[in-house]
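Engineer: Once you've had a glance at the structure underneath, I'll fire off some questions.
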Amino acid sequence: AEASTTRMQLRIGYISADFVDHPTADLALAVMLGHSDRMEVWCYATSADDGSYYRKELARHFGGRFCHLPRATDKEWAETIFKDD
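Per the numbering used here, numbering through the sequence shown is continuous, rising by one, with the last residue being 96.
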């Protein structure tokens, strides 16, 4: 059998209420931007948009992989994450 040369991309999802003006956002942004190009990062924000630098940078960098559903139920979050395939 021939070995496959296709590389799987690691998918990582971060769920947080701290993608706002908060020390955790500062650390998370640095970590997420440092991931390898072979990783696909998704961000799920559970808090309201505060218009902060961190929120804007995360949304700008991750674009369509930045999901904002501040009033979602656990079931809605699970369905959203499952669909992000």
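Backbone N, C-alpha and C fix where the C-beta goes; we use that ideal spot for every residue, glycine too.
Given this structure, state the Cα-to-Cα distance separating Cys54 from Lys67, to the nearest angstrom.
Structural biologist: Distance between the alpha carbons of Cys54 and Lys67: 12 Å.
Engineer: Helix, strand or coil, according to DSSP, for Ala83 in the structure here?
Structural biologist: Three-state DSSP puts Ala83 in coil, outside helix and strand.
Engineer: My output table needs one value for Val52: the three-state DSSP class, helix, strand or coil.
Structural biologist: If DSSP states are grouped into helix, strand and coil, Val52 belongs with the strands.
Engineer: Take the Cβ of Val42 as the centre, count every other Cβ of all protein chains shown within 10 Å, and call the residue buried at 16 or more, exposed below.
Structural biologist: It counts as exposed.
Engineer: Based on DSSP bridge pairs, tell me the residues matched to Arg22.
Structural biologist: Bridge partners of Arg22: Glu51.
Engineer: Since Arg22 and Glu51 should fall inside the 8 Å C-beta cutoff, what is the C-beta to C-beta distance between them, to a whole number of angstroms?
Structural biologist: Their Cβ separation, rounded to whole angstroms, is 5 Å, which keeps Arg22 and Glu51 in contact under 8 Å.
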